[in-house]
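*Asks:* Got a structure for you, questions after.
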Amino acid sequence: MEERMRFGVITAAHQAEVHERPLPPLGDDQVLLRMETCNICTTDYGLWTGARKNQPMPMAGGHENAGVIIKKGKNAGSHLNIGDRVGLVAYENCGQCRECRLGHTLGCTNIEDDWVQSEDGYWGDFGFANYYVADARNVIKFHSDIPFEEIGFLENLSTVMHGIRMLDIKPFETVVVIGAGTMGLLNAMAARAYGAEVLVTEVDEKKIARAKEEGFPVIHPGEAGYQEQIRESFNGRALNSIIVAAGVTPANRQALELAQMDTKILFFAAGYPAPDLPVGSNEIHYKRLRLMGTFGAELSDIQIAADLLDSGRVKVSGLIEAHYPLDDIQKAYEAASTPGAYRVAVHMWKDEEESLCTLR
Ligand SMILES: [Zn+2]
Ligand SMILES: [Zn+2]
């Protein structure tokens, strides 16, 4: 009997469906995963709402997924075992080119940046699938019993780690994170895990409450004297880093208002439509500002993100808004694209399906 996989696919704006296709054969260097969950990323629902036009359709997207190894190819690493819980390396690399050997796997010269279309016409990485054939080198093993939907934060936390390492955050440094959405709070949590004192600015009531719940001081940037409040809450110390985790012009403006001498500003978020950055080069020059951007993650960032999740030093359970079965992927997209929503987790199996899984 031919084994098949079921997966979520966006076929048009506001339209997500569940399709089926044959499961690809398992190569010698690969593992077969029974996938458990995939969280809906901003990139995914941006395509679903029609806001992001930079991706082709039908898009079998999803990349915040997690599962269990159920079969190993004969050359798949000896450190991997049947039953291991794993996340996936979302930023592939060859491991052999010059950039990879220098540790700069994001700069890998052997990996296509462009979307690749499968022979049966789909784009994307089939993240919302119930089975997944992965290269053994691209799975990251977890040792603790954290839930799969939390392992699903491996990709986004790894992109956060790339930024934290660019900012070179050290213990007792001061950090302001602008925006308390999923990515803002992940940035805040990672900076805190690295020993920084972190303050969050946010305008939305629900997100303010969430940020406080996660233990962060929150300041509303609309309040008179908010800059003064921030200075006071850091006891007058210099502001070392600002992370802009909201892709809108007012967030950029706020970062420039808050920047002091020698502050580093990291532009973490993309925005659609593209936000403006109203700054003159004299200001950058005289304040010795360091403006930087980040997108993606090195292999080393991914491993550190896994360690942060696995050790519980970054706890993401409060960033999961809702759960839906794969069959309700349309509803899951509706929930994920509701303004102010945190992550929505899609579960690949219903409990009663468990016994029908012939590949186990
Ligand atoms: Zn993502
Ligand atoms: Zn490479």
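Residue numbers (full-length UniProt numbering): 1 to 360.
Glycine included, C-beta positions come from ideal geometry on N, C-alpha and C.
A quick note: this is a predicted structure, and the numbers were derived from the prediction, not measured.
Count the other CB atoms within 10 Å of the CB of Gln117; is the residue buried (16 or more) or exposed (fewer)?
*Replies:* Gln117 is exposed by the Cβ-count criterion.
*Asks:* Please tell me whether Ala16 and Ile329 are closer than 8 Å, where the distance is taken between their beta carbons.
*Replies:* Taking 8 Å as the Cβ cut-off, Ala16 and Ile329 qualify as a contacting pair.
*Asks:* Counting pairs of beta carbons, one from the segment 320-334 and one from the segment 99-118, are three or more of them closer than 8 Å?
*Replies:* Touching, no, given that fewer than three Cβ pairs across the two stretches are closer than 8 Å.
*Asks:* How close, in whole Å, do the beta carbons of residue 416 and Arg34 come, if the pair is a contact with beta carbons under 8 Å?
*Replies:* The question about residue 416 has no answer here: the residues shown for the chain are numbered 1 through 360.
*Asks:* Going along the chain, which residues put their C-beta within less than 5 Å of some heavy atom in ligand 2?
*Replies:* So the residues near ligand 2 by this Cβ test are Asn93, Cys94, Cys97, Cys100, Cys108 and Asn110.
*Asks:* Just to confirm, does Asn54 get its C-beta within under 7 Å of one of the non-hydrogen atoms of ligand 1?
*Replies:* Because no heavy atom of ligand 1 lies under 7 Å away, the Cβ of Asn54 does not count as near it: no.
*Asks:* Which residue marks the beginning of the beta strand (DSSP E) containing Ala345, and which one marks its end?
*Replies:* Here the beta strand (DSSP E) through Ala345 covers Arg343 to His347.
*Asks:* So, for Asn75: in the same chain, excluding its five sequence neighbours on each side, which residues have a beta-carbon less than 6 Å away from its beta-carbon?
*Replies:* These residues qualify, in order along the chain: Asp28 and Asp29.
*Asks:* Using only the alpha-carbon positions, how far apart do Asn282 and Ala259 sit?
*Replies:* Cα to Cα, the separation comes out at about 14 Å.
*Asks:* Do Thr49 and ligand 1 come close, with the Cβ less than 7 Å from some heavy atom?
*Replies:* No - ligand 1 has no heavy atom lying nearer than 7 Å to the Cβ of Thr49.
*Asks:* Quick one: is the Cβ of His220 within less than 7 Å of any heavy atom of ligand 1?
*Replies:* Not under cutoff, so the answer is no.
*Asks:* Can you find a heavy atom of ligand 1 that lies under 7 Å from the Cβ of Asn156?
*Replies:* Asn156: yes, Cβ under 7 Å from ligand 1.
*Asks:* Is the separation between the beta-carbon of Ala188 and that of Leu308 shorter than 8 Å?
*Replies:* No, the Cβ-Cβ distance between Ala188 and Leu308 is not below 8 Å.
*Asks:* Using the rule of at least 16 other Cβ atoms within 10 Å of the residue's Cβ for burial, across every protein chain shown, is Tyr272 buried or exposed?
*Replies:* Tyr272 is exposed by the Cβ-count criterion.
*Asks:* Do you know offhand how far Asn81's Cα is from Ser300's?
*Replies:* Between Asn81 and Ser300, the C-alpha separation is close to 22 Å.
*Asks:* By a C-beta neighbour count over all protein chains shown, 10 Å radius and 16 as the cutoff for buried, is Ala134 buried or exposed?
*Replies:* Result: buried.
*Asks:* How many Å lie between Arg98 and Phe268 at the Cα?
*Replies:* Between Arg98 and Phe268, the C-alpha separation is close to 27 Å.
*Asks:* Indicate the three-state DSSP secondary structure (helix, strand or coil) for Pro250 in the structure shown.
*Replies:* In this structure, Pro250 counts as helix in the three-state DSSP scheme.
*Asks:* Tell me whether Glu92 sits in a helix, a strand or coil according to DSSP, three-state version.
*Replies:* In the structure shown, Glu92 sits in coil (DSSP, three-state: anything other than H, G, I, E or B).
*Asks:* Measuring only from the beta carbon, is Thr294 closer than 7 Å to any heavy atom that is part of ligand 1?
*Replies:* It does not: the Cβ of Thr294 is nowhere closer than 7 Å to a heavy atom of ligand 1.
*Asks:* Three-state secondary structure (DSSP) at Thr42?
*Replies:* Residue state, collapsed to three classes: helix.
*Asks:* Looking at the secondary structure, which residues open and close the beta strand (DSSP E) in which Gln15 lies?
*Replies:* It spans Gln15 to Pro22 - the beta strand (DSSP E) in which Gln15 sits, taken as one unbroken run.
*Asks:* Compare the beta carbon distance of Ile140 and Ala306 with 8 Å and say whether it is the shorter of the two.
*Replies:* Yes, Cβ-Cβ distance for Ile140 and Ala306 is below 8 Å.
*Asks:* Express the C-alpha separation of His162 and Val203 in angstroms, rounding to a whole number.
*Replies:* Distance between the alpha carbons of Val203 and His162 is about 26 Å.
*Asks:* Quick one: does the C-beta of Cys38 sit closer than 7 Å to a heavy atom of ligand 1?
*Replies:* Not under cutoff, so the answer is no.
*Asks:* Compute the distance between the beta-carbons of Phe142 and Phe7, then report whether it is under 8 Å.
*Replies:* No, they are not a contact pair.
*Asks:* Which stretch, first to last residue, makes up the beta strand (DSSP E) that contains Met261?
*Replies:* That residue, Met261, is in no beta strand (DSSP E); it is neither H nor E in DSSP.
*Asks:* Residue 385 and Glu298 look like a contact to me (Cβ under 8 Å); what is the Cβ gap, rounded to whole Å?
*Replies:* Nothing can be reported for residue 385, as the shown portion of the chain is limited to 1 through 360.
*Asks:* Here's the rule: buried if 16 or more other CB atoms are within 10 angstroms of the residue's CB, otherwise exposed. What is Asp44?
*Replies:* The residue in question, Asp44, is buried, as its Cβ has 16 or more Cβ neighbours within 10 Å.
*Asks:* Residues in its own chain within less than 7 Å of Leu239 by CB, not counting five upstream and five downstream?
*Replies:* Once the five neighbours on either side are set aside, the close Cβ partners of Leu239 are Thr174, Val176, Leu258, Gln260 and Thr263.
*Asks:* Quick one: using the 10 Å Cβ neighbour count with 16 as the cut-off for buried, is Pro56 buried or exposed?
*Replies:* So Pro56 counts as exposed.
*Asks:* If you drop the 5 nearest sequence neighbours on each side, which residues of the same chain put their C-beta closer than 6 Å to that of Gly50?
*Replies:* These residues qualify, in order along the chain: Ala13.
*Asks:* Report, in whole angstroms, the separation of the C-beta atoms of Ala196 and Ile169, which I expect to be a contact under 8 Å.
*Replies:* Indeed they touch by this definition, with Cβ atoms about 5 Å apart.
*Asks:* Looking at C-alpha atoms only, which residue of Glu119, Ala322, Arg52 and Cys94 is the closest neighbour of Asn138?
*Replies:* Checked all of Glu119, Ala322, Arg52 and Cys94; the closest Cα to Asn138 is Cys94.
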